[in-house]
Structures are given as structure tokens and as C-alpha cells.
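Top to bottom, those sequences are chains S and Y. Residue 1204 in my numbering sits at position 49 of the first sequence, and the numbers go up by one each step. Residue 1313 in my numbering sits at position 158 of the second sequence, and the numbers go up by one each step. Even glycine gets a Cβ: it sits at the ideal position worked out from N, Cα and C. One structure is given here, and the rest of the page talks about it.
2 protein chains.
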Amino acid sequence: MAEVGAPVTMSDVARAAGVSTATVSRVVNGRYGVSADTVAQVRSAIERLGYESSLVATSLRRSRTNVLGLVTRTFQSYTAEVLKGVMKALSGSGFDLIIYANSDLYETYAEGWEQRHLNRLSGTLTDGCIVVTPWGEVRSSTPVVVIDPVRGSTAPSVTADNRVGATSAVEHLLGLGHRRIGFIAGRSSLESAWSREEGYREALAAAGVPVDPTLIGRGDFNPESAAPLARALLDRPDRPTAIFAASDGMALKVLQVAKELGVSVPDDLSVVGFDNIPESAFAEPGLTTVDQSMYRLGYEAARMLKSLVTGEWEGQRQMLLPTSLVVRGSTTPPGAAARA
Amino acid sequence: MAEVGAPVTMSDVARAAGVSTATVSRVVNGRYGVSADTVAQVRSAIERLGYESSLVATSLRRSRTNVLGLVTRTFQSYTAEVLKGVMKALSGSGFDLIIYANSDLYETYAEGWEQRHLNRLSGTLTDGCIVVTPWGEVRSSTPVVVIDPVRGSTAPSVTADNRVGATSAVEHLLGLGHRRIGFIAGRSSLESAWSREEGYREALAAAGVPVDPTLIGRGDFNPESAAPLARALLDRPDRPTAIFAASDGMALKVLQVAKELGVSVPDDLSVVGFDNIPESAFAEPGLTTVDQSMYRLGYEAARMLKSLVTGEWEGQRQMLLPTSLVVRGSTTPPGAAARA
DNA sequence: CTGAAAGCGCTTACAG
DNA sequence: CTGAAAGCGCTTACAG
């Protein structure tokens, strides 16, 4: 690598081509009304100097930047899936993507992190932003699409159908013959946590199984939050025969706690998660879970944002995407050990 | 969400607090020489209006922005690992991270994509950049650290020890008793492809096994490139008993081609990959491969870049990181089928 | 302790 | 067809 002196600016090109920066700008942006000769001269100077317009200066001056932003609190493996979907939707659209992560706010639940990130980008750098799993409601001067919004959010958003997903998970357990099914809930401010609990309750109600409130633990989606809850559920003499956790991270923690307590999965206890993160397939036994396509969430969020920015969006502004149940080794009919 | 009118600028704050923008700037940046009263007034106006300085305007004006950039051609699952490592190294450092992806250049091998991205960011938005798997050598007015550079690159870089990794893979096969070991190479401009081939040759040489050039296929790291090469190797009457592919993507393609041709893995053919992507563990059978910690590559690259920017870097500028062999079901002694 | 002014690298009316 | 000038939202010498 050559660590070259100063970056080449538009003034450098103008000087080299013997024209004004206004003319260079016109050539760079393909505006009409520049003579063929001048265009050729400017092009050659650009080529020779290796000029590329500064994203920052362009963004500051222009109202439309053709850059969309994405702000996230963390980079989990699902983030990569979201990003793949976003880029797929953006490819060939003329919109570039900027992802911004503040190293101090990273991985914290710090109040309003998403609002701070948004403020720094919107209006100048980006034409609009995707916000992944925000802490609260967001405000912005440019369009925003939220992936996994907070409960009651009115912002344009894309969410997995968490209620139906949770219902299918619990129906799977009911179908296997389970009746005492524990539940470990997620962070209650999130729409997704709420809906997953709703799905749990509905599935039980539909099967005529009364909800036992002592079988419900309140976690926050963090694996660690599930450990004491799982321990409490498994220490009871009348422990549940199955546990449904509102996230794979928490479900995997349940698997670990069960192992520590000598409770065998799935023989003594069936476990179901939600998300289908890669680790769930590696788990021993493989974790039965509800798959939500993060790729699809990213794809649809980007598609919506793009159209919102250009003013072409026609559809509903709160999208619900389907989920699917993935059955692996962590679930089996209750009492398997006794029968064996 | 409230889609609020215009973003709050420093002028708005200045007006509300009855001071000049210069004073607001001083307060925002914690400069000395502002009276306690004024500070309080400005703070309260900032609070009231929800002001946050524009990343773009700040970057354009300042020489140091405290933002590091990362440019990438693609978002694979390994990208998330790299990003996790980068953020870990950056947390608490005061440096934020911007990832830039051009939707047109995304996932293409287009000549010089990384140079274009770099030019757009450096000098204004970022103090330095990490470049992931570039197409060629890069030049920049600010420090750059390359993850997986091209062959012969003199840029500061972080690379897995590909030669030793490849050697260990081939030694594993030799240890199982294989002597006819095919190799599918990667994109030859990349240092990593070159080193992996070198490791293959060295391991064979050390064991006194002559290299058979007809057993070497030239791919480009893309899974698709491996299909015809695998077919050619497996169609021969004297086909190899094992194939080592320079990437997991290509190795998984070998698995697929073998299945199509009715060649059973590992009984008729052992297969080893390189990278240890998540999909390799899911494969049937699980793929034996060489693990390179992308997390670690990201972490070290960010650590180096940070110090390069602040001028504190002391160590060598080209780092080599260790790899480790992960043995799964795709390798077994040759002739297993015959003996069974 | 505070403000007016210049300028970072661009784009865009406005003149000519 | 082309250029001089203003201005995007900030920061930083320079005066006072």
C-alpha cells in the first residue's frame, strides 16, 4: 500500500483540467450542458488523479444522498442474515448502505441508543434508516423502518408473526401430549416478547389447558436471565414436562441448566426455543425452535424503506412475516424415560 | 414514530440558548473557557430540542473524526464474526465504526471496488479503514489494515496462517493413509489461496509423496467454480481417495458432486475444507476443515488500525494468526468401503 | 468568556 | 456552455 499524501479533491481535478469545480461537479454527476471536449478533459483528469467524490461533502450539500442507514446495537449471526437481505433488496437500486455502530453504546440496552445514532445520520448522511430491535419508539426527520419494534409502536415496521409462531410451538408440545408446559418470557417492552407470550396463552386456551402462572418466568431475551428461571422451574417437585423459551438463547440456557441438574432432554424434559439461530442446530440435542427468516425481515425492511424514501410505498406500513416450526431432537412425548 | 420536520441543527440550539454557534460547539465538545451559566443554558437547550451533532458536518470540518471504516464486498456469516471482533477491540476506545457497502459493487469481484469505497470515506468520514478481502492492492491517505490481502501486498494486514493450516489438513489425510490427495485451489491473486497451495505441496513433499499436477484443480473460492473440477477428479478411473479444497464453500460443493456421482463420503472419498463456516458443521457428513478465527482477525485488525491512527503502533505490521484443524465425519482411512 | 468569519468539499441557482 | 458565489452544519483560529 502507498499511504498517499492528501486525498484528491474536486479542486485538484478542476485545476488539472483547467476548469471550475462547478464544471467538474457537472461531469461527475452526468448533468447536461457541458461540451464534449470539456467532458473529455475532465474525465481524463479524474482518471489520472484517481478522483472519487467525498461521500461526506456530497451528503452535506445534497438533500438526497442515495445512502440508506442501518443502526444496530449488536452484531450477532442474525445481523449478517438481515444485512444479506437488505443488500439483496438494495442491489441495483442506486442506494448504498451505511451501517453505524457506536463503540460505547454497543451491546448496551442504554436508553435511547437508537435515537442518538439516528440523529447523527439522518438529514445529512442518509435518506432514511433501518433500526434493528430498538429500545423505544424512534423519531426522525427522514423515513425509518423498524425491524422488531417496541410494543405499540406506530412506526413503519417489519416483524415476524410471533404470535402464530409461538402458537405453533406450543401446539407441537401439546400434540406430543405435554400438559404442564413452562414458559420463559422475553423483554416485555418488545412487541415480539408480548406476542410470543400471547401465542403461548392462546394455544393452551384453545386446547383447554389452564394457564398456571407459576409456570411462567420473566426473562429479558438474554441467555443469562433464563438460568435462575429454569432452575426454579426444574427444582419444583411438580416440574413441567416441557419448557418453551421465547428465544433460542434462553432455550439453550435451559438445556444447560437441565444438564447441570441431571434432568435429561428430551427424555425428562422437552425444550422449544424461538429464532432458529445457527447454534440451535449444533446443540446436543438439536433444539426444536420457531424459525423467523432474518434474511426476509432485512429484505422487506429495505424494500419498504426504499419506497418510503422515493415516496412510492403503497402497501401497509406494518408488515407481519410468516414463521415455521423446525423440529429437532429436544422434543419428545412426556414420560419417555419412564417408558424406556 | 413521529416523522419530525427538519433535523435540529446547532443554529437552532444557539438561537434557543441565545448564544453563537461557536459557543454551542464549545459546550458540545467540552472545551474550556465557557462560563458555568452559559454551559447550563446551552445544555438545557440541547436537552429540550434533542440535539445531536451531525456526523457528516463534524467529519467534514475536523481532521480527526474518531470514526473508523470497514469496507466489504459481501455479508457472509463470517462477516458477522469479523464485526464482533472489531467492535470488541473498539469498545471503550472512543472510535465508532462505519461500514460502507455500495449496492452496485456488492458481491462482485469488480476491479478496484475496495479502492472506490476507500476514496469515498477516507480523508473526510473516517480516520482509517479495515478492508476485507480486497481485489488488489489499496492506496489511501489514511491508515488501512487489510484482512486477507492479495499476494505480495505491503499494506498492514492480518491473515490466518494459511500455509500451516493447509499443511495440518494434508497431514491429517496422510496420517489416515491417503496418498492420492486431490487439491482444489482458490483465487490465485489472494495470498491465502497461494499459501494454502504451498501448504498442500509442502506436506506432500515432507511425506515423500510426489505432487501429481493432474490432481490439482484451479478454482476461485466460489463454490460454483469447484463443481466441474470435482467432477473431473471423480470421473477418472484412478480418482483420488481424498480431496482437499481451499475453502469450505468449495469443499461443500465437492460433497454435493460426490453424492450426484454416487461416490460415498467418507467411505469412497475423504474431503477436507478450509475456513470452518457454520454450514460445514451442518453438512452430512460433517466437514473436516481448518478453522480460522474470523473474530480474532477482526479483533486484531481493529486493534492495529486504532493504534496506527493514533500513531502508537509498535508491533509488526503484517500479522499471522494461528489456525486449528477440526475433524468431523468427512474424513476416514482410504478403502473403508472395501473393508466394511 | 464570547462572537464574527473563514473554510472543510461539494452542488446549485444565478449570471453571463 | 461555463464560472463566481452562496451555503449544507459544523469547528477553530482570531479579535475583542
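Taking buried to mean at least 16 other C-beta atoms within 10 Å of its own C-beta, is residue i buried or exposed?
| i | result |
| --- | --- |
| S/Met1156 | Residue placement at S/Met1156 is poorly supported in this model, since its pLDDT is 43, which falls under 50; the coordinates still yield a value, given next. When all chains shown are included, S/Met1156 counts as buried. |
| S/Ala1195 | exposed |
| Y/Pro1395 | buried |
| S/Gln1231 | buried |
| S/Asp1192 | exposed |
| S/Ala1177 | exposed |
| S/Asp1403 | buried |
| S/Ser1190 | exposed |
| Y/Arg1318 | buried |
| S/Val1482 | exposed |
| Y/Phe1437 | exposed |
| S/Tyr1187 | exposed |
| Y/Ala1161 | exposed |
| S/Pro1383 | exposed |
| S/Gln1447 | buried |
| Y/Thr1227 | buried |
| S/Glu1467 | exposed |
| Y/Ser1175 | exposed |
| S/Pro1368 | exposed |
Which residue's Cα is closest to the Cα of residue i: the options?
| i | options | result |
| --- | --- | --- |
| Y/Ser1296 | Y/Arg1228, Y/Ser1218, Y/Ala1321 and Y/Leu1260 | Y/Ser1218 |
| S/Ile1253 | S/Tyr1261, S/Asp1259, S/Arg1275 and S/Thr1263 | S/Arg1275 |
| Y/Val1293 | Y/Ser1308, Y/Gln1471, Y/Asp1282 and Y/Met1474 | Y/Ser1308 |
| S/Leu1424 | S/Trp1349, S/Pro1489, S/Val1183 and S/Gly1283 | S/Pro1489 |
| Y/Leu1480 | Y/Arg1458, Y/Pro1392, Y/Ala1360 and Y/Val1325 | Y/Val1325 |
| S/Gly1205 | S/Asn1221, S/Thr1164 and S/Gly1224 | S/Thr1164 |
| Y/Arg1198 | Y/Thr1227, Y/Asp1167 and Y/Asn1377 | Y/Asp1167 |
| Y/Leu1416 | Y/Ser1435, Y/Arg1181 and Y/Asp1390 | Y/Asp1390 |
| S/Arg1306 | S/Asp1282, S/Ser1350, S/Thr1281 and S/Leu1328 | S/Ser1350 |
| Y/Asp1102 | Y/Leu1388, Y/Gln1471 and Y/Gly1484 | Nothing about residue 1102 of chain Y can be read from this structure; chain Y reaches only from 1156 to 1495. |
| S/Ala1200 | S/Ser1180, S/Asp1282 and S/Tyr1187 | S/Ser1180 |
| S/Val1366 | S/Phe1338, S/Ala1171 and S/Tyr1454 | S/Phe1338 |
| Y/Thr1213 | Y/Asp1282, Y/Glu1379 and Y/Asp1375 | Y/Asp1282 |
| Y/Asn1377 | Y/Thr1487, Y/Ala1362, Y/Ala1340 and Y/Pro1368 | Y/Ala1340 |
| Y/Gly1332 | Y/Gly1173, Y/Thr1487 and Y/Ser1209 | Y/Thr1487 |
| S/Pro1392 | S/Val1418, S/Ser1380, S/Ala1381 and S/Lys1414 | S/Val1418 |
| Y/His1327 | Y/Arg1458, Y/Ala1362, Y/Ser1380 and Y/Ala1381 | Y/Ala1362 |
| Y/Ser1462 | Y/Thr1263, Y/Ala1172, Y/Gly1173 and Y/Asn1221 | Y/Asn1221 |
| Y/Arg1433 | Y/Glu1202, Y/Ala1310, Y/Ile1302 and Y/Thr1234 | For the record, residue 1433 of chain Y in the displayed sequence is Pro; it is not Arg. Closest option to Y/Pro1433, Cα to Cα, is Y/Thr1234. |
| Y/Gly1470 | Y/Pro1311, Y/Tyr1454 and Y/Asn1431 | Y/Pro1311 |
| S/Thr1478 | S/Phe1250, S/Asn1431 and S/Ala1265 | S/Asn1431 |
| S/Ser1277 | S/Gly1291, S/Glu1266, S/Leu1215 and S/Trp1290 | S/Leu1215 |
| S/Ala1439 | S/Glu1455, S/Gly1453, S/Lys1414 and S/Tyr1454 | The sequence shown places Glu at residue 1439 of chain S, not Ala. It is S/Lys1414 whose Cα lies nearest to the Cα of S/Glu1439. |
| Y/Gly1453 | Y/Ser1175, Y/Leu1223, Y/Leu1238 and Y/Gly1291 | Y/Leu1238 |
Answer yes or no: do residue i and residue j have a C-beta to C-beta separation smaller than 9 Å?
| i | j | result |
| --- | --- | --- |
| Y/Val1445 | Y/Phe1429 | yes |
| S/Tyr1255 | S/Thr1229 | no |
| S/Val1427 | S/Leu1442 | yes |
| Y/Ala1385 | Y/Val1364 | no |
| Y/Pro1298 | Y/Cys1284 | yes |
| S/Gly1330 | S/Gly1354 | no |
| Y/Thr1279 | S/Val1183 | no |
| S/Arg1451 | S/Gly1240 | yes |
| Y/Arg1342 | Y/Asp1316 | no |
| Y/Val1287 | Y/Leu1345 | no |
| S/Gly1372 | S/Ala1387 | yes |
| S/Ala1457 | S/Ala1244 | yes |
Spell out the partners DSSP gives residue i in its beta bridges.
| i | result |
| --- | --- |
| S/Met1405 | Paired residues: none, contrary to the question. |
| S/Thr1444 | S/Gly1428 and S/Val1481 |
| Y/Thr1281 | Y/Ser1277 |
| S/Asp1251 | S/Val1222 |
| S/Leu1476 | S/Ala1315 |
| Y/Arg1451 | None; Y/Arg1451 has no bridge partner. |
| S/Val1305 | S/Leu1345 |
Does the Cβ of residue i lie closer than 8 Å to at least one heavy atom of the ligand MG?
| i | result |
| --- | --- |
| S/Thr1220 | Questions concerning the ligand MG fall outside what the structure shown contains, since it holds no ligand whatsoever. |
Below 8 Å on the Cβ atoms is my contact criterion, and I expect residue i with residue j to pass it. Report the Cβ-Cβ distance as a whole number of Å.
| i | j | result |
| --- | --- | --- |
| S/Glu1269 | S/Thr1322 | Not really, about 30 Å apart at Cβ, beyond 8 Å. |
| Y/Leu1370 | Y/Arg1335 | 7 Å |
| S/Ala1406 | S/Ala1397 | S/Ala1406 to S/Ala1397, Cβ: 11 Å. No contact. |
| Y/Met1474 | Y/Val1313 | 5 Å |
| Y/Leu1460 | Y/Val1300 | 4 Å |
| Y/Met1242 | S/Ser1258 | 7 Å |
| S/Glu1207 | Y/Arg1271 | 6 Å |
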